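Engineer: Handing you this structure, nothing more for now.
Number of protein chains: 2
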Amino acid sequence: MAKKQRRMTKQKRVILDVLRSTTSHPTADWIYNEAKKILPNLSLGTVYRNLNNLKEEGKILELSYGSTYSRFDGNPENHYHCVCVECGKVADLDMPVVEELDKKAQEAQGSSIFYHRLEFYGLCPHCEEKEMKN
Amino acid sequence: MAKKQRRMTKQKRVILDVLRSTTSHPTADWIYNEAKKILPNLSLGTVYRNLNNLKEEGKILELSYGSTYSRFDGNPENHYHCVCVECGKVADLDMPVVEELDKKAQEAQGSSIFYHRLEFYGLCPHCEEKEMKN
DNA sequence: GTAGTTGCAAACTTTTTGCTACCCA
DNA sequence: TGGGTAGCAAAAAGTTTGCAACTAC
Numbered sequence: 033m034a035k036k037q038r039r040m041t042k043q044k045r046v047i048l049d050v051l052r053s054t055t056s057h058p059t060a061d062w063i064y065n066e067a068k069k070i071l072p073n074l075s076l077g078t079v080y081r082n083l084n085n086l087k088e089e090g091k092i093l094e095l096s097y098g099s100t101y102s103r104f105d106g107n108p109e110n111h112y113h114c115v116c117v118e119c120g121k122v123a124d125l126d127m128p129v130v131e132e133l134d135k136k137a138q139e140a141q142g143s144s145i146f147y148h149r150l151e152f153y154g155l156c157p158h159c160e161e162k163e164m165k166n
Numbered sequence: 033m034a035k036k037q038r039r040m041t042k043q044k045r046v047i048l049d050v051l052r053s054t055t056s057h058p059t060a061d062w063i064y065n066e067a068k069k070i071l072p073n074l075s076l077g078t079v080y081r082n083l084n085n086l087k088e089e090g091k092i093l094e095l096s097y098g099s100t101y102s103r104f105d106g107n108p109e110n111h112y113h114c115v116c117v118e119c120g121k122v123a124d125l126d127m128p129v130v131e132e133l134d135k136k137a138q139e140a141q142g143s144s145i146f147y148h149r150l151e152f153y154g155l156c157p158h159c160e161e162k163e164m165k166n
């Protein structure tokens, strides 16, 4: 499937500029309000559309778990997960929690770190098998 | 502030059982539908309330980024974040991406891992300072 | 007995989408 | 000029909440 063509509009330009001009990891709504100062007619739908485009183009990151709803885990122990980029399935990983990561992060940040959450993205065995056949 | 007292109702019991009987990291809606097979009068609001209770009691995990909305980052390079558990602020961490983690995860899972996302939870310098004074 | 919990429905929040006019390449 | 994009508003999807009846302790 051919990649959809993308245009650089002034809205998109402003949204990207706003996002790059801050280190605060803003929400879509915050970006909307900032960008509106420059383009008063901007609409929120346009912000969302452009954020999605920019994300697909690899120009920005979205910091979310990937879906709009929460998933729950009956195991309250900290453990790692792998999300399949093909089918979206979430699997537990049988691998020990790397405690040293907290220590390293604490040095990097200079204040207390209590724990971390780590998610891997890849293919689940089932989807990998399917890929092999193509 | 005293901890609110919690009761074990049959709804809560069933919700927890359903969640513990699967490894599929279900959504609230899936849990609702499963639990409804046992308690036909169950309502979705009750499921959400109990999931939140169970989470606060530390009996289950919620796999989400912590808020109901997405945050965006103008830096598309993979890098780590620290979320302040006091004020919710998200900061970039100046620490190299640990590539070996992908390798370890790949061994644990037995199929391809492409990348990972790592978030630390702790106190930002500002909130840590405030804590010191108490 | 009483304070926490339920079921129900309405409200809320964030995000997506349908449509027409518009404008970038 | 043609097809992706903007603005607007309505809809969707997930989650929360107010309330009266109920129930666990």
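Just so you know, the sequences run in chain order B and Z. Using our numbering, read the first sequence as starting at 33 and increasing by one per residue. Using our numbering, read the second sequence as starting at 33 and increasing by one per residue. Here a beta-carbon is modelled for each residue, glycine too, at the ideal position from N, C-alpha and C. What you are looking at is a predicted structure, and each value in this text was computed from that prediction instead of being measured.
On a Cα-Cα basis, can you pick out the residue from N110/Z, P58/Z, G106/Z that is closest to M127/Z?
Structural biologist: The count along the second sequence starts at 1 and reaches residue 127/Z at position 95. The candidate whose alpha carbon is nearest that of M127/Z is N110/Z.
Engineer: Contact check, S102/Z vs T59/B under 8 angstroms by CB: the rounded distance?
Structural biologist: Within the second sequence, residue 102/Z is the residue found at index 70, counting from 1. Within the first sequence, residue 59/B is the residue found at index 27, counting from 1. At roughly 7 angstroms, the Cβ-Cβ gap stays under 8 angstroms, so S102/Z and T59/B are in contact.
Engineer: Whose C-alpha, out of W62/Z, K162/Z, F152/Z, V46/Z, is nearest the C-alpha of D134/B?
Structural biologist: Counting from 1 along the first sequence, the entry for residue 134/B is found at position 102. Considering only alpha carbons, the answer is F152/Z.
Engineer: I'd like the span of the alpha helix (DSSP H) that includes V79/Z, first residue to last.
Structural biologist: Along the second sequence, one-based indexing puts residue 79/Z at 47. Note, V79/Z: alpha helix (DSSP H), 76–88.
Engineer: For V117/Z, go through chain B and note every residue whose CB falls closer than 8 angstroms to its CB, in chain order.
Structural biologist: If you number the second sequence from 1, residue 117/Z lands on position 85. What V117/Z touches in chain B: F146.
Engineer: Going straight from the alpha carbon of N166/Z to that of F104/B, what length do you get?
Structural biologist: Sequence index remark: in the second sequence, residue 166/Z carries index 134 (1-based). Sequence index remark: in the first sequence, residue 104/B carries index 72 (1-based). Their backbone Cα atoms lie some 35 angstroms apart in a straight line.
Engineer: Could you tell me whether any Cβ in chain Z is nearer than 8 angstroms to the Cβ of Q141/B?
Structural biologist: Position 109 of the first sequence, counted from the first residue, corresponds to residue 141/B. It does; some Cβ of chain Z falls within 8 angstroms.
Engineer: Could you check whether the Cβ of T55/Z sits closer than 8 angstroms to any Cβ belonging to chain B?
Structural biologist: What you label residue 55/Z is simply residue 23 of the second sequence in a count that begins at 1. Interface residue, yes.
Engineer: May I ask you to list the residues that DSSP assigns as paired with G154/B?
Structural biologist: Here residue 154/B refers to the residue found at position 122 of the first sequence. Bridge partners of G154/B: C116/B, I145/Z.
Engineer: If we ignore side chains and look at the alpha-carbon of each, how far apart do K42/Z and N73/B end up?
Structural biologist: Looking up residue 42/Z in the second sequence gives position 10. Looking up residue 73/B in the first sequence gives position 41. N73/B has its alpha-carbon roughly 53 angstroms from the corresponding atom of K42/Z.
Engineer: For a contact meaning CB atoms closer than 9 angstroms, what does V122/B contact in chain Z?
Structural biologist: Mapped onto the first sequence, residue 122/B falls at position 90. The contacting residues are S56, H57, L95.
Engineer: CB-CB under 6 angstroms to A34/Z, same chain, minus the five flanking residues each way: which ones, in chain order?
Structural biologist: Here residue 34/Z corresponds to residue number 2 of the second sequence, with the count starting at 1. Confidence at A34/Z is low in this model, with a pLDDT of 43, below 50, so its placement is unreliable and the value that follows should be read with caution. There are no such residues.
Engineer: Go ahead and label K44/Z buried or exposed: buried means 16 or more other beta carbons lie within 10 angstroms of its beta carbon, across all protein chains shown.
Structural biologist: Working through the second sequence from its first residue, we reach residue 44/Z at position 12. Classification for K44/Z: buried.
Engineer: Specify whether the region 73–91 of chain Z and the region 114–122 of chain B touch according to this definition: at least 3 beta carbon pairs, one from each stretch, less than 8 angstroms apart.
Structural biologist: no
Engineer: Check whether the Cβ of I70/Z lies closer than 8 angstroms to any Cβ atom in chain B.
Structural biologist: Here residue 70/Z corresponds to residue number 38 of the second sequence, with the count starting at 1. No - not a single Cβ of chain B is within 8 angstroms of the one on I70/Z.
Engineer: When we look at the beta-carbon of H158/Z and count the other beta-carbons within 10 Å, is it buried (16 or more) or exposed?
Structural biologist: Numbered from 1 along the second sequence, position 126 holds the residue referred to as residue 158/Z. H158/Z is exposed by the Cβ-count criterion.
Engineer: Consult DSSP for D126/B and reduce its assignment to one of helix, strand or coil.
Structural biologist: Reading the first sequence from its first residue, position 94 is the one you call residue 126/B. Of the three classes helix, strand and coil, the one that applies to D126/B here is coil, per DSSP.
Engineer: Just to make sure I have the definition right: I need the residues of chain Z whose C-beta is within less than 8 angstroms of the C-beta of P60/B. Which are they?
Structural biologist: The residue labelled residue 60/B in the question sits at position 28 within the first sequence. Position check: residue 60/B holds Ala in this sequence, whereas Pro was assumed. Identification of chain Z residues near A60/B by a Cβ-Cβ cut-off of 8 angstroms yields Y101, S102, F104, ordered along the chain.
Engineer: Within 8 angstroms of any Cβ in chain Z, is that where the Cβ of K44/B sits?
Structural biologist: Counted from its first residue, the first sequence places residue 44/B at position 12. Not an interface residue.
Engineer: Classify R45/B as helix, strand or coil using the three-state DSSP reduction.
Structural biologist: Here the question's residue 45/B lines up with position 13 in the first sequence. Per DSSP, reduced to three states, the secondary structure at R45/B is helical.
Engineer: Out of G120/Z, G106/Z, S144/Z, state which residue places its alpha-carbon closest to the alpha-carbon of T100/Z.
Structural biologist: Stepping through the second sequence from its first residue, residue 100/Z is reached at position 68. Closest option to T100/Z, Cα to Cα, is G120/Z.
Engineer: Cβ of G154/Z less than 8 angstroms from any chain B Cβ?
Structural biologist: In the second sequence, the residue the question calls residue 154/Z occupies position 122. G154/Z counts as touching chain B.
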